[in-house]
Amino acid sequence: MPSSRMPKSMAEKKEVIQWIEKNGGVPTPAAVYFKNERGWKVSEAQVRYWWKQRTAIKAAPALRSRLSGAGAKPRLSEIEDILFDQVLFRRSAKEKVSRDWIRDAGQRLAASELGDTDFIASDRWVNGFMRRYGLSLRRTTNLTVLTDDVLTDRAVSFLSYLTSRIDGLSDDHTILMDETAVYFEDPHRQTVDQVGARHVVLKSTGFASMRVTAVLAVTATGRKLPPLVVWKGAKQDGKIERYGNVYVVNQPKPWVDSALLTRWLDLVFPPIFDARTDTLRASGRYRDLQVVQGQTVAHH
């Protein structure tokens, strides 16, 4: 429905600017003051916009209601201010904000605040809105942030270990391995947030702990190894079972520790026997295996 707010004259806007300047230079309390004390129907977004334009408002004639060249643009800017407030509120509650949500919210605000039911909220408008308010599409971050010293120390340690063994590495026994957490809640961990935000967090639905760890591995020669799925479950006997071409294990922690890694290597690299003597020649645990796991090499 159309907005119930009445347009304010330039003199009234000047009065708001003066009140803000006398009361700490913060525009938001002015909206509350003029609503309660003067009975104005004015939004915080309007007051913030006037405060941004205070130089032009001070220089404008007192009887004018709009700045020169304003037209409909300030009204659209007003709903963008309101929309930006809603984005910040949702992000403060760790709610996800997508481009589609911005588009839908913009159309709802245009209809309720401006009476404009034909506002398209195109991709171009969404791009412009995000650029004007310093927003970008961000991927959620891990709150554990390592210092540069720790990262450098780990990199140096890794290279020192690898360099001394590079000549003896075998492509057949060099495994490139990665653990991927598969969650039971929304897998899309992206949201619109402010540019430069250090931490990007989303509210959990309560199922964040429900996940499995999928271990994917391939040898340096290109041979894919059977995946390993690690469950955190009540059945914690640690036995690795095979279902089709996938190994599955239940244990207290849903990730790969050194003990599980060793048992998994014994399965994917079965014991090698000497055909002539029928005696054990090598096993997965003691064979010359190199596992590249993230940035760590485990030598077995």
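Going by UniProt numbering, the first residue of the sequence shown is number 1, and it counts up by one from there. Ideal placement from N, C-alpha and C gives every residue a C-beta, glycine not left out.
task: Please report the Cβ distance between VAL201 and LEU135, rounded to the nearest whole angstrom; I am assuming they are in contact, meaning their Cβ atoms lie under 8 Å.
output: Counted from its first residue, the sequence shown places residue 201 at position 201. Counted from its first residue, the sequence shown places residue 135 at position 135. That pair is no contact at about 16 Å.
message: Going by the DSSP bridge assignment, what does TYR49 pair with across the sheet?
response: Taking the first residue of the sequence shown as 1, we reach residue 49 at position 49. Here TYR49 is not bridged, per DSSP, to any residue.
- prompt: How about TRP174 and ALA110: are their beta carbons less than 8 Å apart?
  reply: Along the sequence shown, read from residue 1 onward, the residue named residue 174 stands at position 174. Along the sequence shown, read from residue 1 onward, the residue named residue 110 stands at position 110. Residue identity differs from the one stated: residue 174 is Thr in this sequence, not Trp. Not in contact: THR174 and ALA110 (Cβ atoms no closer than 8 Å).
field: Nearest candidate by alpha-carbon position, reference LYS203, set VAL97, VAL248, PRO227
entry: As a working note, residue 203 is residue 203 in the sequence shown. Taking LYS203 as reference, the option from VAL97, VAL248, PRO227 with the minimal CA-CA separation is VAL97.
task: Given a cut-off of 8 Å, decide if PRO254 and residue 301 are closer than it, judged by their beta-carbon atoms.
output: The requested residue 301 is not part of the displayed model; the chain covers only 1 to 300.
task: Counting only the same chain and skipping the five closest in sequence on each side, list residues whose C-beta sits under 7 Å from that of ALA217.
output: Locating residue 217 in the sequence shown gives position 217, where the first residue counts as 1. ILE175, LEU176, MET177, LEU225, listed in sequence order.
Range of the contiguous alpha helix (DSSP H) that encloses ASN36: Stepping through the sequence shown from its first residue, residue 36 is reached at position 36. Counting along the chain, the alpha helix (DSSP H) containing ASN36 begins and ends at 28-38.
message: What would DSSP say about SER136, mapped onto helix, strand or coil?
response: Locating residue 136 in the sequence shown gives position 136, where the first residue counts as 1. Of the three classes helix, strand and coil, the one that applies to SER136 here is strand, per DSSP.
- request: State buried or exposed for ILE79, treating a residue as buried only when at least 16 other CB atoms are found within 10 Å of its CB.
  value: Here residue 79 corresponds to residue number 79 of the sequence shown, with the count starting at 1. Its Cβ being crowded by 16 or more others within 10 Å, ILE79 is buried.
query: Could you give the distance in angstroms between the alpha-carbon of GLN53 and the alpha-carbon of SER122?
result: Position 53 of the sequence shown holds residue 53. Position 122 of the sequence shown holds residue 122. A direct Cα-to-Cα measurement between GLN53 and SER122 gives close to 27 Å.
message: Do PRO227 and VAL246 have their beta-carbon atoms positioned less than 8 Å apart in this structure?
response: Counting from 1 along the sequence shown, the entry for residue 246 is found at position 246. Counting from 1 along the sequence shown, the entry for residue 227 is found at position 227. Their beta carbons are under 8 Å apart, which means VAL246 touches PRO227 by this criterion.
- prompt: Going by the beta-carbon positions, is the gap between ILE57 and LYS8 smaller than 8 Å?
  reply: Within the sequence shown, residue 57 is the residue found at index 57, counting from 1. Within the sequence shown, residue 8 is the residue found at index 8, counting from 1. If you check the CB distance, ILE57 and LYS8 do not come in under 8 Å.
task: For my contact list, VAL249 and GLY238 are in at a C-beta cut-off of 8 Å; report their separation, rounded to the angstrom.
output: Translated into the one-based positions of the sequence shown, residue 249 becomes position 249. Translated into the one-based positions of the sequence shown, residue 238 becomes position 238. Indeed, because the Cβ distance is near 7 Å, the residues count as touching under 8 Å.
- request: For LEU151, count neighbouring Cβ atoms within 10 angstroms of its own Cβ and tell me buried if that reaches 16, exposed if not.
  value: The count along the sequence shown starts at 1 and reaches residue 151 at position 151. Here LEU151 is exposed: its Cβ has fewer than 16 other Cβ atoms, across all protein chains shown, within 10 Å.
C-alpha gap between ALA105 and LEU83, whole angstroms: Stepping through the sequence shown from its first residue, residue 105 is reached at position 105. Stepping through the sequence shown from its first residue, residue 83 is reached at position 83. Between the alpha carbons of ALA105 and LEU83 lies a gap of roughly 7 Å.
- request: Would you mind working out which of TRP51, GLU12, TRP19 sits nearest LYS41, comparing C-alpha positions?
  value: Here residue 41 refers to the residue found at position 41 of the sequence shown. Restricting attention to TRP51, GLU12, TRP19, the CA atom closest to the CA of LYS41 is found in GLU12.
- prompt: Which same chain residues, not among the five before or five after LYS73, have their C-beta less than 8 Å away from its C-beta?
  reply: Counted from its first residue, the sequence shown places residue 73 at position 73. Residue confidence is low: LYS73 scores 46 on pLDDT, short of 50, so the model does not pin down where it sits. Its coordinate-derived value is still stated next. Taken in chain order, the list of residues that qualify is empty.
message: Quick check on VAL156: does DSSP put it in helix, strand or coil?
response: Indexing the sequence shown from 1 puts residue 156 at position 156. Helix.
message: Quick check: what's the CA-CA separation for ARG198 versus GLN86?
response: Taking the first residue of the sequence shown as 1, we reach residue 198 at position 198. Taking the first residue of the sequence shown as 1, we reach residue 86 at position 86. Rounded to the nearest angstrom, the two C-alpha atoms are 20 Å apart.
C-beta contact flag for ASP81 and ARG48 at 8 Å: Counting from one through the sequence shown, the residue named residue 81 turns up at place 81. Counting from one through the sequence shown, the residue named residue 48 turns up at place 48. With a cutoff of 8 Å on beta-carbon distance, ASP81 and ARG48 are scored as near each other.
- request: Within the stretch 170-234, note down every full beta strand (DSSP E) run reaching 3 residues or more, in order along the chain.
  value: For the stretch 170-234, whole beta strand (DSSP E) runs of length 3 or above, ordered along the chain, are 174-183, 190-194, 211-219, 228-231.
Exposed unless 16 or more other CB atoms sit within 10 angstroms - verdict on GLN46: In the sequence shown, residue 46 corresponds to position 46, counting from 1. So GLN46 counts as buried.
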